[in-house]
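Counting from 86, one number per residue, gives the positions in the sequence shown under the numbering used here.
In what follows, a single structure is set out as structure tokens and then discussed.
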Amino acid sequence: MELAEEKLDEHHLDEKEVLDVVVRFAGDSGDGMQLTGTNFTQATALYGNDLSTFPDFPAEIRAPVGATFGVSAFQIYFGAEDVTTAGDATDVLVAMNPAALVTNLENLIDGGLIIVDSGAFTAKNLTKAKYESNPLEDGSLDGFRVFSIDIHKQVLAAVEPFGLSHKDALRCKNMWTLGLVMWLFDRDRSATIENLKTKFANKPAIADSNIAALNAGHAYGETAELPAGIHVYKVPKAKVAPGAYRNITGTQALAWGLIAGSELADIDLLFASYPITPASNLLHELASHKEFRVNTFQAEDEIAAVCAAVGASFAGSLGITSSAGPGIALKSEGMALAAAAELPLVVINTQRGGPSTGLPTKTEQSDFNMAMYGRHGDTPIPVVAASTSIDCFDVAIEAVRLAAKYMTPVILLSDGYLANAAEPWKIPQADSLPSFNIRHYDDPTNFKPSIRNEETLARVWAKPGTPGMEHRIGGIERSYDTGEISYDPTNHQKMTELRKAKVDGIAKDIPLQEVCYGNDSGKLAVVGWGSTFGAIHQAVKRAVAEGLDVSHIQVRYLSPMPDNLGELLSNFDAIIIPEMNTGQFIKLIRSEFLIDADGINKIAGQPFKIGEILAAIHKKYIELEEGV
Numbered sequence: 086m087e088l089a090e091e092k093l094d095e096h097h098l099d100e101k102e103v104l105d106v107v108v109r110f111a112g113d114s115g116d117g118m119q120l121t122g123t124n125f126t127q128a129t130a131l132y133g134n135d136l137s138t139f140p141d142f143p144a145e146i147r148a149p150v151g152a153t154f155g156v157s158a159f160q161i162y163f164g165a166e167d168v169t170t171a172g173d174a175t176d177v178l179v180a181m182n183p184a185a186l187v188t189n190l191e192n193l194i195d196g197g198l199i200i201v202d203s204g205a206f207t208a209k210n211l212t213k214a215k216y217e218s219n220p221l222e223d224g225s226l227d228g229f230r231v232f233s234i235d236i237h238k239q240v241l242a243a244v245e246p247f248g249l250s251h252k253d254a255l256r257c258k259n260m261w262t263l264g265l266v267m268w269l270f271d272r273d274r275s276a277t278i279e280n281l282k283t284k285f286a287n288k289p290a291i292a293d294s295n296i297a298a299l300n301a302g303h304a305y306g307e308t309a310e311l312p313a314g315i316h317v318y319k320v321p322k323a324k325v326a327p328g329a330y331r332n333i334t335g336t337q338a339l340a341w342g343l344i345a346g347s348e349l350a351d352i353d354l355l356f357a358s359y360p361i362t363p364a365s366n367l368l369h370e371l372a373s374h375k376e377f378r379v380n381t382f383q384a385e386d387e388i389a390a391v392c393a394a395v396g397a398s399f400a401g402s403l404g405i406t407s408s409a410g411p412g413i414a415l416k417s418e419g420m421a422l423a424a425a426a427e428l429p430l431v432v433i434n435t436q437r438g439g440p441s442t443g444l445p446t447k448t449e450q451s452d453f454n455m456a457m458y459g460r461h462g463d464t465p466i467p468v469v470a471a472s473t474s475i476d477c478f479d480v481a482i483e484a485v486r487l488a489a490k491y492m493t494p495v496i497l498l499s500d501g502y503l504a505n506a507a508e509p510w511k512i513p514q515a516d517s518l519p520s521f522n523i524r525h526y527d528d529p530t531n532f533k534p535s536i537r538n539e540e541t542l543a544r545v546w547a548k549p550g551t552p553g554m555e556h557r558i559g560g561i562e563r564s565y566d567t568g569e570i571s572y573d574p575t576n577h578q579k580m581t582e583l584r585k586a587k588v589d590g591i592a593k594d595i596p597l598q599e600v601c602y603g604n605d606s607g608k609l610a611v612v613g614w615g616s617t618f619g620a621i622h623q624a625v626k627r628a629v630a631e632g633l634d635v636s637h638i639q640v641r642y643l644s645p646m647p648d649n650l651g652e653l654l655s656n657f658d659a660i661i662i663p664e665m666n667t668g669q670f671i672k673l674i675r676s677e678f679l680i681d682a683d684g685i686n687k688i689a690g691q692p693f694k695i696g697e698i699l700a701a702i703h704k705k706y707i708e709l710e711e712g713v
């Protein structure tokens, strides 16, 4: 939390102005933390702050009440300036029970504020969280500012007039807590009240009780005698370009980007998928937009999904499929078929932590090697990566463009953080999007499915039932000249080299690599891909503000890479590459460009904190200064 000049007014004699703040709501998966965070996010967006959110789902959704592995959290980073990540250290922790406190305390800054429900700190809950003594009483929290409230008692009193059962009454405690936090940051409650009225339109007693709890929590903050160090925080509005904005998650942005891509290409879209965490929501989102040229198909397994998408592309639609890493592994043969048959296919990999079942609800950049190399035979496939939630929209359009133009599968890498995180998005005008109308081949004269575009090397895309252009393609190698099946070894080498040359040629059709922040040359560059963008960007900005010669380079096109990337990297004395894996991208950079680089690797199911990357920058800078 960065403090600005302290300001006083007649309403809050203990009010502080801060430039940015990170708030984390944490409780049992049934405590409504995601709903609480979403409503606070909406109020913050309406106030005018820039923001980024990070829903952190529990490892087990149906874990026993009070279990550490069932803790659900929602983090929001908001401020008066550009906010690019939500994964930073926490300034304010709202802990609804001991399990929420113990699992999130290490992320809280020294001197940070803890709002805690003392009513949940029973002997039973303390035991479940493996506390030997009550942390509210034993002095272990002395390094923090603790605002301990018996929220159980407060919320029961607030909703007593509505005649709810004890269980239903306690379900309102998240709204009471939200009201208190809204008071703490001077947020308007009106949007939340309207949301509650809409959500519980058929249950007015539930709506009224939640609204009463919300208002009671706010009133408590206004009237209670507060502990020392508890203030109302004012975060100034951010300066943003005029236009229509909305909050959007990475999943929504991906779905809308795919829809926009199909409209720009003037091609129907078939999305075939098998539900898998955290990729399932993409199917749900696209299924709700049938008013566009979108068809969705929930397949019986991953292989059926990718094969259905390949079949759709053969028939003249654009086939799209998605999954997380384990599902992508199953789709690999279907992807290779699309590459060999030279059919457009977009494959979205929403990465998650660990191999096999791993950590389904946690984020990592675990599948870079799979995207680059995880297929049998020589099967080059273009790979692009989204960097932010809103960037998912643009990258989805680009994946559609490349797939249709070059008649190839394209892998789009997202991850659990980007999929669930939300940011304010300036809604673009439809006519501002680049048109890339893709036409099916319609000349039957001397037609062969092997006819190629001399510039792109892509073969023609003809609908197989078109009169005069009837054709078939199979899974066995086909002749360069005719498209018919061929067993000739010389032809196989020619086709293998052709497919590689086609993908390599995409490098001429993508932008040259630019520096996101800083100079085009200098002492140190921090290079990222995917969702590391936000933490890297903020860390580099802070380092530059300290007077350090540091630049940020973010790579969107992973295969093929921009033509000038090697030259650009060689302009720096040293390179740091942070990755949420064991160092997969760095190996490619070293081998392709013979450039030494230092890796920062985090494999914890959590995004990088700004401070972690800033510390690595400081360490490397000292080494450079000392000539180490």
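Cβ coordinates follow ideal geometry from the N, Cα and C atoms, glycine included.
None of these values were measured; they are calculated from a predicted model.
With DSSP as the reference, label Lys-92 as helix, strand or coil.
-> Counting from one through the sequence shown, the residue named residue 92 turns up at place 7. A caution first: Lys-92 carries a pLDDT of 39, below 50, which makes its placement in the model unreliable, though a value can still be read off. It is coil, neither helix nor strand.
Would you be able to state if there are at least three C-beta pairs under 8 Å between the region 237 to 257 and the region 292 to 307?
-> With the cut-off at 8 Å, the region 292 to 307 and the region 237 to 257 touch.
Any contact of the region 634 to 650 with the region 598 to 605, i.e. 3+ C-beta pairs under 8 Å?
-> The region 634 to 650 makes contact with the region 598 to 605, as at least three CB pairs between them are under 8 Å.
If Cys-477 sits next to Gly-335, beta carbons under 8 Å apart, how far is it from one beta carbon to the other, in whole angstroms?
-> Numbered from 1 along the sequence shown, position 392 holds the residue referred to as residue 477. Numbered from 1 along the sequence shown, position 250 holds the residue referred to as residue 335. Rounded to whole angstroms, the Cβ separation of Cys-477 and Gly-335 is 5 Å, and the two are in contact under 8 Å.
Gly-133 and Lys-322 closer than 9 Å at C-beta = Position 48 of the sequence shown holds residue 133. Position 237 of the sequence shown holds residue 322. Lys-322 is positioned such that its CB atom lies closer than 9 Å to that of Gly-133.
Using the Cα positions of Ala-350 and Ala-414, report the straight-line distance between them to the nearest angstrom.
-> Within the sequence shown, numbered from 1, the residue matching residue 350 stands at position 265. Within the sequence shown, numbered from 1, the residue matching residue 414 stands at position 329. Roughly 29 Å between the two C-alpha positions.
Range covered by the alpha helix (DSSP H) that runs through Ser-275 = As a working note, residue 275 is residue 190 in the sequence shown. 275 to 284 is the span of the alpha helix (DSSP H), which, as asked, contains Ser-275.
In chain order, what residues of the same chain have a beta carbon less than 7 Å from the beta carbon of Leu-339, not counting five sequence neighbours either side?
-> Here residue 339 refers to the residue found at position 254 when the sequence shown is read from its first residue. Excluding sequence positions up to five before and after Leu-339, its CB lies within less than 7 Å of the CB of Leu-367, Ile-433, Cys-477, Ala-481 and Ser-499, all in the same chain and listed in chain order.
Can the beta-carbon of Phe-399 be found less than 9 Å from the beta-carbon of Phe-382?
-> Position 314 of the sequence shown, counting from 1, holds the residue named residue 399. Position 297 of the sequence shown, counting from 1, holds the residue named residue 382. No, these two residues do not count as a Cβ contact at 9 Å.
CA-CA distance, Ala-128 and Lys-238?
-> Here residue 128 refers to the residue found at position 43 when the sequence shown is read from its first residue. Here residue 238 refers to the residue found at position 153 when the sequence shown is read from its first residue. The alpha-carbon separation between Ala-128 and Lys-238 amounts to approximately 26 Å.
With 16 other Cβ atoms within 10 Å as the buried cut-off, status of Tyr-572 = For this step, residue 572 is matched to residue 487 along the sequence shown. Exposed, since its Cβ has fewer than 16 Cβ neighbours within 10 Å.
Use the C-beta contact count for His-251: other C-beta atoms within 10 angstroms, 16 or more gives buried, fewer gives exposed.
-> Position 166 of the sequence shown, counting from 1, holds the residue named residue 251. Exposed, by the Cβ-count rule.
Do you know offhand how far Gln-119's Cα is from Val-156's?
-> For the purposes of this step, residue 119 is taken as the residue at position 34 of the sequence shown. For the purposes of this step, residue 156 is taken as the residue at position 71 of the sequence shown. Roughly 11 Å between the two C-alpha positions.
Can you tell me where the beta strand (DSSP E) with Asp-227 in it begins and where it stops?
-> Within the sequence shown, the letter at position 142 stands for residue 227. For Asp-227, there is no enclosing beta strand (DSSP E), as DSSP marks it with neither H nor E.
In chain order, which alpha helix (DSSP H) runs of at least 4 residues are fully inside the region 357 to 403?
-> List check, alpha helix (DSSP H) in window: 365 to 372 and 387 to 400.
Under 8 Å by Cβ, that's how I've got Trp-268 and Gly-306 pegged, so tell me the actual separation to the nearest angstrom.
-> To locate residue 268, count along the sequence shown from 1; it is residue 183. To locate residue 306, count along the sequence shown from 1; it is residue 221. About 3 Å; that satisfies the 8 Å criterion.
Assign Lys-92 to one of two classes, buried (16 or more other C-beta atoms within 10 Å of its C-beta) or exposed (fewer than that).
-> Sequence index remark: in the sequence shown, residue 92 carries index 7 (1-based). Unreliable placement is indicated for Lys-92, whose pLDDT of 39 sits below 50; no coordinate value is reported for it.
Take the Cβ of Asp-94 as the centre, count every other Cβ of all protein chains shown within 10 Å, and call the residue buried at 16 or more, exposed below.
-> By 1-based counting over the sequence shown, the position of residue 94 is 9. Its pLDDT being 37, under 50, Asp-94 is placed unreliably by the model, and nothing is read from it.
Mark Leu-679 as exposed unless 16 or more other C-beta atoms lie within 10 angstroms of its C-beta, in which case mark it buried.
-> One-based indexing of the sequence shown puts residue 679 at position 594. Classification of Leu-679: exposed, given that the 10 Å Cβ count is below 16.
What number of angstroms, rounded off, separates the C-alpha of Lys-694 from the C-alpha of Tyr-526?
-> Working through the sequence shown from its first residue, we reach residue 694 at position 609. Working through the sequence shown from its first residue, we reach residue 526 at position 441. Each residue's alpha carbon lies about 50 Å from the other.
Hey, which unbroken runs of the alpha helix (DSSP H) at 4 residues or more fall wholly within the region 587 to 652?
-> Entirely contained in the region 587 to 652, the alpha helix (DSSP H) runs reaching 4 residues are, in chain order, 618 to 630.
Below 8 Å on the Cβ atoms is my guess for Arg-51 versus Pro-363; work out the distance and round it to an integer in Å.
-> Because the chain is modelled from 86 through 713, residue 51 falls outside the range shown and cannot be assessed.
Taking Ile-343 as the reference, which of Pro-312, Val-317, Leu-403 and Ile-333 has the closest Cα?
-> Position 258 of the sequence shown, counting from 1, holds the residue named residue 343. It is worth fixing the name first, because residue 343 is Leu in this sequence and not Ile. Ranking Pro-312, Val-317, Leu-403 and Ile-333 by Cα distance to Leu-343 puts Leu-403 first.
Range of the contiguous alpha helix (DSSP H) that encloses Lys-319 | Sequence index remark: in the sequence shown, residue 319 carries index 234 (1-based). Run containing Lys-319: none in the alpha helix (DSSP H); it sits in the beta strand (DSSP E), 317 to 319.
Which runs of the beta strand (DSSP E) spanning at least 3 residues fall entirely within the region 426 to 508, listed in chain order?
-> Listed in chain order, they are 430 to 436, 468 to 470 and 494 to 500.
Please determine if the region 561 to 569 and the region 503 to 518 are in contact, where contact requires at least 3 C-beta pairs separated by less than 8 Å.
-> With a cut-off of 8 Å, the region 503 to 518 and the region 561 to 569 do not count as touching, because too few Cβ pairs lie within range.
By a C-beta neighbour count over all protein chains shown, 10 Å radius and 16 as the cutoff for buried, is Lys-213 buried or exposed?
-> For the purposes of this step, residue 213 is identified with residue 128 of the sequence shown, where counting begins at 1. Result: buried.
If you follow the beta strand (DSSP E) that Ser-137 is part of, which residue opens it and which one closes it?
-> Stepping through the sequence shown from its first residue, residue 137 is reached at position 52. Element bounds for Ser-137: 135 to 141.
Straight-line Cα distance separating Ala-389 from Thr-406 | Against the sequence shown, residue 406 aligns to sequence position 321. Against the sequence shown, residue 389 aligns to sequence position 304. If I take the Cα positions, the gap works out to 10 Å.
What's the gap between the Cα of Leu-430 and the Cα of Asp-658?
-> Locating residue 430 in the sequence shown gives position 345, where the first residue counts as 1. Locating residue 658 in the sequence shown gives position 573, where the first residue counts as 1. Rounded to the nearest angstrom, the two C-alpha atoms are 40 Å apart.
If you follow the alpha helix (DSSP H) that Ser-347 is part of, which residue opens it and which one closes it?
-> Position 262 of the sequence shown, counted from the start, is the residue given in the question as residue 347. That run of the alpha helix (DSSP H) goes 335 to 350.
Gly-117 and Asn-210 closer than 9 Å at C-beta | Within the sequence shown, residue 117 is the residue found at index 32, counting from 1. Within the sequence shown, residue 210 is the residue found at index 125, counting from 1. No, Cβ-Cβ distance for Gly-117 and Asn-210 is not below 9 Å.
Where DSSP assigns a beta bridge to Trp-510, which residues make up the other side?
-> Here residue 510 corresponds to residue number 425 of the sequence shown, with the count starting at 1. According to DSSP, Trp-510 bridges with Arg-331.
Considering only residues of the same chain and omitting the five flanking positions on each side of Ala-424, which have a CB-CB separation below 7 Å?
-> On the sequence shown, position 339 is the one that residue 424 refers to. Around Ala-424, the same chain offers Thr-464, Ile-466, Thr-493, Pro-494 and Arg-584 as residues with beta carbons nearer than 7 Å, after the five sequence neighbours per side are excluded.
May I have the straight-line CA-CA distance separating His-556 from Leu-444, to the nearest angstrom?
-> Residue 556 sits at position 471 when you count from the first residue of the sequence shown. Residue 444 sits at position 359 when you count from the first residue of the sequence shown. Rounded to whole angstroms, His-556 to Leu-444 spans 45 Å at the Cα level.
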